Amino acid sequence: MKRIAAVLSVVFLLLVLAASSAPAADIKLAHVVNENDAFHVCALKFKELVEAGSKGELTVTIYPNAKLGDERNLLESMRMGVVDSAIITGGPIINFMPRFGVFDLPFLFTTPEQAYKVLDGEIGRGMLADMEALGWKGLAYGERGFRNLTNSKKPVNVPEDMKGLKIRLMQNPVYVDSFKALGANAVPMAWTEALTALQQGTIDGQENPLNVIVAFNLFESQKHLALTRHAYAPNVIMMSMRTWNKLSPEHQKLVQESAQAAAEHNRAYDNEKEAEWLQFLKDKGMEVTEPDLSLFREAVKPVYEKYEEQFGKDLVEAILAVK
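Its first residue numbered 90, the sequence shown is counted upward by one per residue in the numbering used here.
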């Protein structure tokens with residue numbers, strides 16, 4: 090019932106906005122983070138390219154800060170055609186498309202380049218194609234980045250240091266099982282709720298790429314940063330199939346190409362800024378550790394044993410074989 094009410098509230102908001110200002114060819118693009126985040130950088134590039142390429146025939150209005158709902162709501166709203174487009178992290182997608190969770194296996198990717206080859210290759214494109222049956226057009230993979238652990242309690246150097254820490258995670262069963270295997274108290278919750286929980290101290294920590302830690306000033310509540318790089322997280326630039334099917338073939342081609350270019354811009358931005366973000370966090374007083382990741386990889390082996398059956402051992406091995 091809460092989900093239905095949330096979607097209906099989005100419908101009402103968008104009807105009001107459409108009546109007041111939005112042109113008929115406007116694409117409503119939503120995401121859940123703030124304007125300092127790399128998702129917004131990606132969204133702005135997409136807007137720039139679509140509007141320039143269509144010579145004003147298409148416009149893009151960006152709704153940041155979860156104005157149109159959390160990511161689960163955005164996915165449902167796109168299926169209904171209420172929201173046109175969104176930039177989404179992988180976790181909520183798994184609730185509709187479990188096989189997508191293969192990308193979230195711990196320590197699956199060791200470099201960005203390996204991830205790009207998989208995502209932009211046959212495996213990744215196949216996942217995007219499968220989204221059409223669920224009501225979404227998967228356009229391109231942008232970047233959330235390699236995820237690292239922060240907490241307010243103590244430095245983390247070995248898995249044993251995580252024992253008992255209450256760590257906020259995306260609502261993603263692979264992440265939950267991974268952190269349980271590492272000894273943490275896994276607490277799945279929406280990002281909009283996590284910020285308050287971190288400030289109030291009802292959870293001890295969270296895991297995210299450096300750009301998120303910077304964009305949301307997490308150094309104010311989190312003293313310790315462990316560079317675990319335990320998962321590489323793409324984002325997905327998506328569109329409602331209802332919206333996609335309304336576009337002309339020329340506009341579909343433009344939107345597809347603009348999404349890929351925006352995704353690559355997002356990746357380049359992250360790679361360029363990573364060292365700067367790390368130094369910024371050190372300057373803000375965060376204590377940074379670089380754990381021996383071999384111990385962490387050993388601890389999460391049972392997670393692979395559990396999910397190889399669900400995702401397919403051949404698929405997992407095919408991803409690991411990409412260098």
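Every residue gets a Cβ at the ideal spot worked out from N, C-alpha and C, and that includes glycine.
Just so it is clear, the structure is predicted and the values come from calculations on it, not from any experiment.
Within the same chain, E221, G224, W225 and K226 come within 7 Å of M330 by CB-CB distance, once the 5 residues on both sides are set aside. Using a Cβ distance threshold of 7 Å, G190 and V263 count as a contacting pair. DSSP, reduced to helix, strand and coil, places N334 within a helical segment of the structure shown. Shown here for A132: same chain residues with a beta carbon closer than 7 Å to its own, the five before and five after excluded, namely L118, H120, I151 and I176 in chain order. If the five residues before and after Q341 are omitted, its C-beta is found closer than 7 Å to the C-beta atoms of W333, all from its own chain and listed in chain order.
Assigned with DSSP and collapsed to three states, Q295 falls in strand. A distance below 7 Å separates the beta carbons of L228 and A348. The three-state secondary structure of F185, taken from DSSP, is coil. For G290, the three-state secondary structure derived from DSSP is coil. Judged by their CB atoms, D159 and A322 are not nearer to each other than the 7 Å cut-off. T178 carries a strand assignment under DSSP once its states are collapsed to helix, strand and coil. Of D293, A127, S166 and M169, the smallest CA-CA separation from E361 is found for A127.
An exposed status is given to E309, since fewer than 16 other beta-carbon atoms sit within 10 Å of its beta-carbon.
Contact annotation: R236 and P195 have beta-carbon atoms that are not nearer than 7 Å. Annotation: the continuous beta strand (DSSP E) that includes H319 extends over H313 to S329. Contiguous beta strand (DSSP E) elements confined to the region 356–399 occur at 376–378, taking only those with 3 or more residues. Inside the region 125–154, DSSP marks whole beta strand (DSSP E) runs of 3 or more residues at positions 148–152, from first to last along the chain.
Separation of V301 and T291 (C-alpha to C-alpha, rounded to the nearest whole angstrom) is 20 Å. Contact between the region 269–277 and the region 238–256 is present: 3 or more CB-CB pairs across the two stretches fall below 8 Å. The Cβ atoms of L138 and V247 lie no closer than 7 Å to each other.
At a Cβ-Cβ threshold of 7 Å, N125 and R233 do not count as neighbours. For L163, the secondary structure class from DSSP, reduced to helix, strand or coil, is helix. Between the beta-carbon of L314 and that of M259 there is about 19 Å, and that puts the pair past the 8 Å contact cut. Taking the Cα positions, T281 is about 11 Å away from K156. Our two residues, K243 and E140, have alpha carbons roughly 48 Å apart in a direct line.
Relative to R318, the option among V172, S267 and Q345 whose CA is nearest is S267.
Ranked by Cα distance from G170, the first of M327, L382 and G401 is M327. Contiguous alpha helix (DSSP H) elements confined to the region 193–250 occur at 201–209 and 211–219, taking only those with 4 or more residues. For L258, the enclosing beta strand (DSSP E) has its first and last residue at K255 to L258.
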